[in-house]
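Just so you know, the protein sequences line up as chains A and B, in that order.
In this text, residue positions in the first sequence follow this note's numbering: the first is 2, and each later residue adds one.
In this text, residue positions in the second sequence follow this note's numbering: the first is 10, and each later residue adds one.
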Amino acid sequence: MNVLRFVVRRLAEMALTLLAASFVVFGALYLAPGSPASFLLSGRSASPAAIAAINAQYHLDDPFAVRYLRWLGDVLRGDFGRSITYRTDVSALLTDRLPTTLLLVAMTLTVVMVIGLLLGRLAAVRGGVTDSAVLVGTTFAVGTPSFVAAVLLQGLFAVRLGWFPSSGDGDGIADMLWHLTLPAVALALYLVGMLARVTRSAMLDALAGEHVTVARSRGVPERQVIRRHVLRNALGTVLTTAGLIVSTLLVSTILVESAFSVGGVGQLLELATTTKDFPTVQAISLIIVALFMAVNLVVDLLLPLVDPRIALTSGRSSA
Amino acid sequence: MSTVLVRRPGLARLRSTDPRSPLHVLCVGFVGVLTLAALLAPWLAPHDPNAVDLGNALAGTSAHHPLGADAAGRDTLSRLLVGARTSLLGPLGVVTFSTVTGVAVGMAAAWRGGWLDSVLSRSAELVFAFPGLLLAILIISVYGEGLVAPVVALAVAYFPYVSRLTRSLVLAERERPYVSAYVVQGNGALQICLRHVLPNIAPVVLAQATISFGYALMDLAGLSFLGLGVPALTPDWGRMVFDGQSAVQQGYPLSAVLPCVLIVLTVVAFNVAGEGWADRVARRDR
C-alpha cells in the first residue's frame, strides 16, 4: 500500500477536475445572452465609464483564452475580483462571512453525528418497536427538505414559543450559538435521518456476521460485542456517509441561511444570484466545488484506516 | 443532491417498504390521488388561485376558504391544487430528461467501451463535482429565474447517476447467455440493446427514477423557496412556502405550513414507492 503515491495521484486527478470545473464556472458567463459587459452590468446604470471599467476589470478586450488564464491566475492568488453589488473585493466579503457558515456547519455536524449514530445503533440493537419507530421517523426526516424544516421550526420555536430568535446571527460566541441553534437543527434533520438509516443497516449487516456469533458463544459481553465487533465494522460505511453529509450540508446552508437571514456564505450566494452579482457567484461556486472534492479525498484517505479491508485504489470514490 | 440514486444498503430488510405493506400501498395511493388532483386542478379549485382579496388576508379556515388564505388573500386550497401541477411537472421533467439521456449514454458506453466509455466517465466526473442545487444556481444566475433553467440544470446534474447505473447494469447483462445467442443469430447491436437488454434493465432504472423524483422535487421546491424557481405569480408549493414565510413570522403559519406538509408527504410517498419497487425487483433477480 503506497499511501504517498495514492495521495499524489488523487491530488493530480482533483486538480484536473478542479481545472475543468473552473472552466465551467468561468465559461458560464459567456453563455449569457448579450455581451458579458451588459450582462455584468444588467439592471444598473451603464455609463461609458462603467462599461470601460468592467471591460478593464474583466479584460474583455483580450481573447477568451487570455481572459480565462488571467482570471485563473487571480483566483489562485485568492483574488476573486470585485463584487458588483457590494463594491468590495469578493475575498473580503467571503472572509467576513465564512466564520458564521463554518460555525453553523460545525454545530450541525456535531448534532448529526451524535444523534444519527445513537438512533441507528438503538434501532439495530433494540429492534422491535424501537426499530419501527426509528424507521418511520427517519422516513419522514429524509423526506423533509431543509428549508421546510427551517420554516416549520421558525414558526414553532421562534414565533409561537419564543425560545429562539427567528433570524439573524448574533454578536459574540454565546449569542451566535443561540441564534444558530434553530438553523443547525433545520439542517440536521434530513442528515440525521440519512445517517441513522445507514448506521442501522450497516450494523445489522455486521450483526449477521459469523464473527459476532463466535464472539457471543465465547462469552464476550454483549456491550463489547456491539462496540468492538459490530460498531467497529459499520464504521467504514458511516465514514463514507459522513463525506456525503458534509457535501450535502455545504449546499443546504444556502437554503437555511436564507430562511433564517443568517449572514453566512450561503445567504451571500442567494443574494448574489438574485442581484446578478456574477463574480461573487463564481467565487462561491468554485469554493463549494473545491471543498466538495477535498471532502471526498479526505474520506478516501481515512477509509483504509477505519477499515483495513479496503485497499487504497485510484478508483473513483463512491460519492 | 448527491444521494440521488445511491441505493441505500440493507433496505431489503425494511418492513415498512415491503411492497405488500400497508405503508407502501398507502404511498402509491397518495401518489395516484395527487396526480389526479393535479390533472383536474382547474376544475377542482374553488377559486382563481391568483385572485387577490386583501380584505381576506391571512384569513383562517372558513366555509368560503376551507384552508384559509395567504397574505394577499389568495385562496390556499386553490393555490395548493393548481400548484401541484408545477410542483410535479418540474421533477417529472428532470427525471424524464435525465433518465432518457442517462440510459442512452450509459448503454452506449457499456456496449462500445473504449474511448467513448472513458470520455463519458471523465465528463460524468466533472458533473459529479457540482452538487445539483449549485449547478442550478450557477445556471440561473446566468439565464435568470424561471422553470426551464432549473429543470435543465438539475437534469444535467442527475444524469451521470443514471448513466453510471445503466452502464453497470448493461455490463452485467452483456455477460448473460441470451445476449450471445442474439449476437450469434446476427441481430444488430442496436436491436439487441433496445429490444432485449432495455426491457431487462428497465425495472431497476425506473425504480431509481421514482426515488430521484422525490429528490428533484425537494431541489426544485428549494429553488422556488429562494425565489429562483418559478416566476412570482405561478402557484407552486416551494414558492408558497417562500411567500408564506413572512406570515409565519407574524404568527399566521397556515399558508406556509400546508405546502410544507404536502412537500414532505409527496417526497415520502415517492421514496417509499420507489424503494418498495426496487426491493421487489432485487428479490425477483435473486
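C-beta: ideal position from N, C-alpha, C; glycine also.
Kindly indicate if chain B contains any beta-carbon less than 9 Å away from that of residue i.
i                 : result
Arg161 of chain A : yes
Ile255 of chain A : yes
Met294 of chain A : yes
Pro305 of chain A : no
Gly144 of chain A : yes
Asp301 of chain A : no
Gly156 of chain A : yes
Ser84 of chain A  : no
Ile55 of chain A  : no
Leu105 of chain A : no
Phe279 of chain A : yes
Val149 of chain A : yes
Val186 of chain A : no
Glu271 of chain A : yes
Leu178 of chain A : no
Ile311 of chain A : no
Thr131 of chain A : no
Please classify residue i: is it buried, with 16 or more other beta-carbons within 10 angstroms of its beta-carbon, or exposed?
i                 : result
Leu5 of chain A   : exposed
Pro244 of chain B : buried
Leu226 of chain B : buried
Asp301 of chain A : buried
Arg198 of chain A : buried
Leu183 of chain A : buried
Met10 of chain B  : Any reading at Met10 of chain B must be qualified, since the residue scores a pLDDT of 39, below 50, and its modelled position is unreliable; the value itself is stated next. Counting Cβ neighbours within 10 Å, Met10 of chain B comes out buried, since at least 16 surround it.
Thr275 of chain B : buried
Ile311 of chain A : exposed
Ala124 of chain A : buried
Phe222 of chain B : buried
Ile201 of chain B : buried
Glu211 of chain A : exposed
Ala66 of chain A  : exposed
Arg167 of chain B : For the record, residue 167 of chain B in the displayed sequence is Tyr; it is not Arg. It is buried - the Cβ of Tyr167 of chain B has at least 16 other Cβ atoms within 10 Å.
Ala16 of chain A  : exposed
Val9 of chain A   : exposed
Asp252 of chain B : buried
Ser48 of chain A  : exposed
Span of the alpha helix (DSSP H) holding residue i?
i                 : result
Gly253 of chain B : Trp246 to Gln258
Phe279 of chain A : Phe279 to Val307
Val25 of chain A  : Val4 to Gly28
His212 of chain A : Glu211 to Ser218
Asp62 of chain B  : From DSSP, Asp62 of chain B is part of no alpha helix (DSSP H); its letter is neither H nor E.
Phe137 of chain B : Gly123 to Phe137
Asp176 of chain A : Ile174 to Leu208
Trp52 of chain B  : Ala50 to Leu53
Arg233 of chain A : Arg233 to Ala260
Phe148 of chain A : Ser147 to Leu154
Pro49 of chain A  : Pro49 to Gln58
Val160 of chain A : Run containing Val160 of chain A: none; DSSP gives neither H nor E here.
Ala273 of chain A : Val266 to Thr275
Is residue i close to chain A? Criterion is C-beta to C-beta, closer than 9 Å.
i                 : result
Ala81 of chain B  : no
Arg22 of chain B  : Per-residue confidence for Arg22 of chain B stands at a pLDDT of 41, beneath the threshold of 50, marking its modelled position as unreliable; the derived number appears in the next sentence. With 9 Å as the cut-off, Arg22 of chain B counts as an interface residue toward chain A.
Tyr191 of chain B : no
Leu135 of chain B : yes
Asn65 of chain B  : no
Ala265 of chain B : yes
Ile272 of chain B : yes
Ser221 of chain B : no
Gln217 of chain B : no
Tyr167 of chain B : no
Gln259 of chain B : yes
Ala240 of chain B : Reading the sequence as shown, one finds Pro at residue 240 of chain B and not Ala. Answer no: the Cβ-Cβ gap between Pro240 of chain B and chain A never drops below 9 Å.
Leu199 of chain B : no
- Length-filtered (4 minimum) alpha helix (DSSP H) runs lying within the region 69–142 of chain A: 91–127 and 129–142
- Start-end ranges of the alpha helix (DSSP H) lying completely within the region 139–206 of chain B, minimum 4 residues: 141–152, 157–183 and 186–193
- Task: For the region 201–211 of chain B and the region 158–172 of chain B, state whether three or more C-beta atom pairs, one from each stretch, are separated by less than 8 Å.
- Result: no
- Message: Check whether the region 225–241 of chain B and the region 37–55 of chain B touch, using three or more Cβ-Cβ pairs below 8 Å as the test.
- Response: no
- Message: Is it the case that the region 145–154 of chain B contacts the region 76–87 of chain B, given that we only count it when at least three CB pairs across the two stretches are under 8 Å?
- Response: no
- Check whether the region 94–104 of chain A touches the region 281–289 of chain A, taking contact to mean three or more Cβ pairs, one atom from each stretch, closer than 8 Å. yes
- Task: Say whether the region 127–137 of chain B touches the region 166–184 of chain B, bearing in mind that this needs 3 or more beta-carbon pairs closer than 8 Å, one atom from each stretch.
- Result: yes
- Message: Using 8 Å as the cut-off, can you tell me whether the region 267–282 of chain B makes contact with the region 146–159 of chain A, which would need three or more C-beta pairs spanning the two stretches below that distance?
- Response: Contact holds: three or more Cβ-Cβ distances are below 8 Å.
- Task: Spell out a yes or no on whether the region 267–283 of chain A and the region 74–90 of chain A are touching, meaning 3 or more CB-CB pairs, one atom from each, closer than 8 Å.
- Result: Touching, yes.
- Task: May I ask you to verify whether the region 223–234 of chain A touches the region 155–174 of chain A, counting CB pairs closer than 8 Å and requiring at least 3?
- Result: The region 223–234 of chain A vs the region 155–174 of chain A: no contact.
- Is the region 122–137 of chain A close to the region 189–205 of chain A, with three or more CB pairs under 8 Å? With a cut-off of 8 Å, the region 189–205 of chain A and the region 122–137 of chain A count as touching, because enough Cβ pairs lie within range.
- Contact between the region 175–184 of chain B and the region 106–117 of chain B: three or more CB pairs below 8 Å? They touch, by the three-pair rule.
- Query: Are the region 106–123 of chain A and the region 237–251 of chain A touching by the rule of at least three beta carbon pairs closer than 8 Å?
  - Reply: yes
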